[in-house]
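Numbering (the working numbering), first residue to last: 112 to 495.
Worksheet for the structure shown next.
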């Protein structure tokens, strides 16, 4: 029977290989999940032409759809354009794109949290926690529509914010030439999700203000990125269709009740497990090391809190809308995990083994989903 010591010893000898194999397994399982998952009711709507039961056929169909959508119903046309392009592609190719977005999201969170260190292990842990702590995994990761609207949008937000987060966490970080390539991403991040884009602007502005307050020379990129993101946010919030959509929800006391109910659910149900994990890790780090929370991490927590509270202004707060705040909180969780992991060798071994267990369990979940989806796709009858 294998002991924990044997597993840890094996992991130490083959650390990079184990991480690479598990990362590849996550990607493959994600690919087959998107390859065979059943389309949701929203997917069946967006794969058709505007107000039609005919399937999308060309890019012109998508452009016309997004024009009408922007003018009459909503504003998330950038991620929705990606979604509808996926419906034009062969299913294996669209599944590949979504698998890349999922693994890219886990990789981006791990890179930001670890600041380039322990990236392999943090990736495995973040991939698992994106399932176990996610407020609504199916509607934000599994469904094609939800994955585009939330997962892809948050990948834009995290990518655009990465230089600002690095600056907040490590004040000596620098901007290189390749960072300028993120300016289009900053625009798309601004035109992403109603609670994350405006709060992202606040975070970016805070980082710039901190540099100015410290009499530090501000690289022009920061101003350009903020301007691009603000331009995208303006295009999203000023969409003519937003008014029509908001008027479809209940008003008066019912609106107040819904908004209050959404806030209580967000804090006390949907995000509570992730907040509890963060609080435990922070407490252990403080008790063992007497280290205070860095200012950059406090700023991230403020972004997380404001992105939840700002949903008071929305007519409704669906559970899937908590995905954006969750991903910001996940960065803080991984940072606390990393700090605890480097306390001593025994703690490092235990925390490493814990991350591997979380990832392997997540791979097992995906495998079961993939098998079930494949069998259903083959038309087999599942006995009850």
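Backbone N, C-alpha and C fix where the C-beta goes; we use that ideal spot for every residue, glycine too.
Just so it is clear, the structure is predicted and the values come from calculations on it, not from any experiment.
Exercise for review: Quick one: give me the first and last residue of the alpha helix (DSSP H) that residue 449 is part of.
Suggested key: 434-452
Point to revise | Validate contact between the segment 130-137 and the segment 227-240 using beta carbons, cut 8 angstroms, 3 pairs | key: yes
Check your understanding: Residues in its own chain within less than 6 angstroms of residue 495 by CB, not counting five upstream and five downstream?
Key -> Here residue 495 scores only 48 on pLDDT, less than 50, and its place in the model should not be relied on; the value that follows carries that caveat. Closer than 6 angstroms at the Cβ level, and outside the excluded window around residue 495, lies no residue.
Practice item. Could you check what DSSP says for residue 166 in three-state terms: helix, strand or coil? Key: strand
Exercise for review: Mind checking which residues open and close the alpha helix (DSSP H) that includes residue 200?
Suggested key: Where residue 200 is concerned, there is no enclosing alpha helix (DSSP H), given that its DSSP letter is neither H nor E.
Point to revise | Whole-number beta carbon distance between residue 158 and residue 198, since they are thought to touch under 8 angstroms | key: 4 angstroms
Review point. Do the segment 278-291 and the segment 421-434 touch if we need at least three Cβ pairs shorter than 8 angstroms?
Key: no
Review point. Cβ of residue 344 within 8 angstroms of Cβ of residue 294?
Key: no
Exercise for review: Return the residue from the list 376, 188 and 401 that minimises the CA-CA distance to residue 178.
Suggested key: 188
Review point. Among the residues of its own chain, which have a CB less than 6 angstroms from the CB of residue 125, if the five just before and after it don't count?
Key: none
Practice item. Please list the segments of the beta strand (DSSP E) lying wholly inside the segment 129-154, counting only runs of 3 or more residues, in order along the chain. Key: none
Exercise for review: State the Cα-Cα distance for the pair residue 324 and residue 333, rounded to the nearest angstrom.
Suggested key: 15 angstroms
Review point. Start and end of the alpha helix (DSSP H) containing residue 237?
Key: 230-243
Review point. Once you ignore the five residues that flank residue 451 on each side, which residues in its own chain have a CB closer than 8 angstroms to its CB?
Key: 392, 395, 396, 399, 458 and 462
Practice item. Entirely within the segment 274-313 and at least 4 residues each: give me those alpha helix (DSSP H) ranges in chain order. Key: 294-301
Check your understanding: Among residues of its own chain, excluding the 5 on either side of residue 118, which ones have a beta-carbon nearer than 7 angstroms to its beta-carbon?
Key -> 464
Review point. By Cβ distance below 7 angstroms, which residues in the same chain neighbour residue 341 in space, the five residues on each side in sequence not counted?
Key: 301 and 312
Exercise for review: Could you check which residue in 218, 209 and 292 has the C-alpha nearest to that of residue 251?
Suggested key: 209
Practice item. Would you mind working out which of 305, 245, 279 and 271 sits nearest residue 289, comparing C-alpha positions? Key: 271
Check your understanding: Does DSSP put residue 159 in a helix, in a strand, or in coil?
Key -> strand
Check your understanding: When the Cα atoms are used, what is the spatial distance from residue 242 to residue 326?
Key -> 42 angstroms
Check your understanding: Of the choices 445, 279 and 150, whose alpha-carbon is the least far from that of residue 409?
Key -> 279
Review point. How many angstroms separate the CA atom of residue 222 from the CA atom of residue 214?
Key: 12 angstroms
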